[in-house]
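The structure under discussion appears below in the form of structure tokens.
2 protein chains.
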Amino acid sequence: MIIDTHGHYTTVPAGLRTFRALQISNLGRPKKTAVAISDDEIRASLEQGQIRLLDERGIDLMIFSPMASAMGHHFGNALVSRHWTEVNNDLIARVCRLYPTRFAGVCALPQSPGVEPRACVEELTRCVTELGFIGCNLNPDPSGGHWNDPPLGDTWWYPLYEALVALDVPAMVHASATCNPAFHTTGSHYLNVDSTAFMQIYESTVLQDFPTLRLIISHGGGNVPYQAARYRALGLMNKWEPFEAVLRRLYFDTTVYSVEAMEMLIRIVGVDNVMFASEMLGGVNAIDPRTGRLFDDNKPCLDALAWLTAGDQRKIFETTALRVYPRLRPIVEARSGTERTSAVGGE
Amino acid sequence: MIIDTHGHYTTVPAGLRTFRALQISNLGRPKKTAVAISDDEIRASLEQGQIRLLDERGIDLMIFSPMASAMGHHFGNALVSRHWTEVNNDLIARVCRLYPTRFAGVCALPQSPGVEPRACVEELTRCVTELGFIGCNLNPDPSGGHWNDPPLGDTWWYPLYEALVALDVPAMVHASATCNPAFHTTGSHYLNVDSTAFMQIYESTVLQDFPTLRLIISHGGGNVPYQAARYRALGLMNKWEPFEAVLRRLYFDTTVYSVEAMEMLIRIVGVDNVMFASEMLGGVNAIDPRTGRLFDDNKPCLDALAWLTAGDQRKIFETTALRVYPRLRPIVEARSGTERTSAVGGE
């Protein structure tokens, strides 16, 4: 079983863009209009995109969430953010109902700058208990690059962590677009957010205060593996929990796109805390002239690491995801059942 | 000859801290008071610190600039920043006069949020032409973590680039402290600034508009080597100058503190664009239990790379620095002369 733990619905039908365009032009009088998207449009948006690529690459299922950059938490206000988040999450739920063994839903949260994260608990709960979602994305900087909210170590975030623990779902730390011209969204803001979130956790007591909280740092941890010695030094200088112990409490995805980066990631973070992910149809939508493959076709970067045992690979491709996302299990079991039936039935 | 291209005067005598304390308490009526520091105090501050470590580690000379985090460009206003910058640069000049073959001066700039970088040209010129400095540090975010100024690719910065080119000195991109609680100064802000600066340059036409401008990205480039495939993909998607070509136009220092990071840095950036640096007595002031050495004693991390030829090592330790900092040459020649004299004289 191969699980891609990080994909966004970047190929949404036009109806969702229309909703957002109306929402932006109606700023000041927020109204939740209907989203006109048919099941056929959803199927068409995926079958030439994510599903084709999953099939081509031998990936069984994808953990699937709304377009990250398009969430734009900085835009409008808390109600605007709530409407936009709800329609995005509802659309992911429709995807998961149409393809119950290919996609597992992860929700966006209706974050808004300066608004307490406890305001997201209602939507998180709805998504997990009513829509069958298995986790959420969490944006540490709803301002989109002005960094005006308290860091993740602040008790500001604790009501949300309490809900995550109570629902037994993880949060993947992931920025949205930046509205700050200092940053490029996928080239600097995303990566800054990943590394900054790590540091915010590292210098906090979040992991002690929430011993069962599970957080995923995306995009291979930003700079964490490369700058590991600096982080180790800071931990020693400040008498924080050791860097290695903090790494063992966090999870990292493999959305890096070279063999060397993959190797450094897994060597530093360890095989127990890395989950396979490609973020395909996302930020690196080009063919790598060095390999002839799309950059986000990154499973070969893992396959190239000859020192990974079969057991290591199984952790990275499957079992760690099941540990981090316990609500993923029935979906994986349904997928396994489908595969067995297919094999027997000779699909 | 071994040149450490990145050191700050972190061990300044108390007189400088007193100046700053007065400046902070007198905010609103900026006044440039005298700095009471004797030559003996300067000697004492260095001989048990940087000079002892240079000697122990076999490093000939250090490119030396004011304390980076203490510059605090966000504090006060342009005049406060100018006074503070001047006294810091003057102190570096005194260090270089006392130890003309051990330290080469690099100045801080009197940056201030929202103030045009052209306002820094006067102090840059003074430092290079009157004090004999060989370059400057450049803070892309004078707000200290709120990122309110235009990116480095904006023409906002061009008058400063023109001055750098005219004076034939480089700028090392380096943040100061952050006043934003979202960030840790040395653990996240510094590294975010490095990577963000790279991205700002990458998506701009600065390097084409200033074909002889030389910029150094510090701290091993933040995340650049580790995330190289993402950057390559973005270049292809956006039809920018290829990543590899941009790397060949920029310089990176070796202030990373593990063999693995050193290896990745040099493999990705190439032996022609990396300069040895330790930033010693800086951000990583602890002993690495894995090696028993101070983290910033990082020359052994380079020595461990057996594939580096003697020619490669010479570039990294000496000749690239001479190319990037042409005004360093007489200092290096004086140092060589000193060494020859010492050898003959049997010091």
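Residue numbers (my numbering), protein chains in the order written: chain U, 421 to 767; chain S, 421 to 767.
Glycine included, C-beta positions come from ideal geometry on N, C-alpha and C.
- Distance between lysine 452 of chain U and serine 596 of chain U, taken at the CA atoms: about 21 Å.
- DSSP places tyrosine 581 of chain U within a helical segment (H, G or I) once states are collapsed to three.
- Counting along the chain, asparagine 658 of chain S sits inside the alpha helix (DSSP H) bounded by residues 648-658.
- Apart from the 5 residues on each side of it in sequence, aspartate 614 of chain U sits with its Cβ closer than 7 Å to the Cβ of Val593, Ile637, Ser638, His639, Gly641, Gly642 in its chain, given in chain order.
- With fewer than 16 other Cβ atoms inside 10 Å of its own Cβ, aspartate 475 of chain S counts as exposed.
- Rounded to the nearest angstrom, the Cβ distance from histidine 604 of chain U to methionine 619 of chain S is 5 Å, consistent with a contact under 8 Å.
- A residue is called buried when at least 16 other Cβ atoms come within 10 angstroms of its Cβ; tryptophan 567 of chain U meets this threshold and is buried.
- In the three-state reduction of the DSSP assignment, asparagine 557 of chain U falls in the strand class, which pools E and B.
- No Cβ-Cβ contact shorter than 8 Å links isoleucine 512 of chain U with phenylalanine 696 of chain U.
- Scanning chain S for C-beta atoms nearer than 9 Å to the C-beta of serine 615 of chain U yields Gly607, Ser608, Leu611, Asn612, Ser615, Gly642, Asn643, reported in chain order.
- Your pair phenylalanine 715 of chain U and aspartate 708 of chain U checks out as a contact, with CB atoms roughly 5 Å apart and the cut at 8 Å.
- Classified as buried, threonine 616 of chain S has 16 or more neighbouring CB atoms from the shown chains inside 10 Å of its CB.
- Close partners of serine 532 of chain S in chain U (Cβ separation under 9 Å) are lacking, with about 17 Å as the shortest Cβ gap.
- The beta carbon of alanine 648 of chain U falls within 8 Å of a beta carbon belonging to chain S, placing the residue at that interface.
- Valine 691 of chain U sits away from leucine 685 of chain U, with the two beta carbons spaced by 8 Å or more.
- Listed as beta-bridge partners of histidine 428 of chain S by DSSP are S:Ser485.
- In chain order, Gly607 make up the part of chain S whose C-beta sits under 8 Å from the C-beta of tyrosine 651 of chain U.
- For alanine 591 of chain U, the uninterrupted beta strand (DSSP E) segment begins and ends at 591-593.
- Apart from sequence neighbours up to five positions away, the residues of its chain that approach tryptophan 577 of chain U with a beta-carbon distance below 7 Å are Pro537, ordered along the chain.
- By the rule that beta-carbons nearer than 8 Å mark a contact, proline 720 of chain U does not touch chain S.
- A residue is called buried once 16 or more other Cβ atoms fall within 10 Å of its Cβ, and proline 645 of chain S is buried on that count.
- Glycine 702 of chain S and threonine 606 of chain S have their C-alpha atoms some 9 Å from each other.
- If you draw a straight line from the Cα of leucine 529 of chain S to the Cα of asparagine 612 of chain S, it is about 20 Å long.
- Only buried fits serine 698 of chain S, as 16 or more other CB atoms lie within 10 angstroms of its CB.
- Put simply, of U:His494, U:Arg437, U:Asp480, U:Asp673 the residue whose alpha carbon is nearest the alpha carbon of aspartate 569 of chain U is U:His494.
- Within chain S, Gly565, His566, Trp567, Asn600, Ala602, Phe603 have C-beta atoms less than 8 Å from the C-beta of tryptophan 567 of chain U, given in sequence order.
- For proline 631 of chain S, the number of other beta carbons within 10 angstroms of its own is below 16, and it is reported as exposed.
- The DSSP-derived three-state label of aspartate 475 of chain S is helix.
- CA-to-CA, the gap between glutamate 680 of chain S and glutamate 683 of chain U works out to about 10 Å.
- Secondary structure of glycine 525 of chain U (DSSP, three-state): strand.
- Counting C-beta pairs closer than 8 Å gives three or more between the stretch 572-588 of chain S and the stretch 545-558 of chain S, which meets the contact rule.
- Isoleucine 621 of chain U and phenylalanine 663 of chain U have their C-alpha atoms roughly 11 Å apart.
- The residues Pro590, Arg634, Tyr671, in chain order, have a CB closer than 6 Å to that of valine 744 of chain S in the same chain once the five nearest residues on each side in sequence are set aside.
- Excluding its 5 nearest sequence neighbours in each direction, alanine 706 of chain S has C-beta neighbours in its own chain below 8 Å: Leu714, Phe715, listed in chain order.
- At least one beta carbon of chain S lies nearer than 8 Å to the beta carbon of glutamate 680 of chain U.
- Near chain U, meaning a CB-to-CB distance below 9 Å, the residues of the stretch 690-709 of chain S are Gly703, Val704, Asn705, Ala706, Ile707, Asp708, Pro709.
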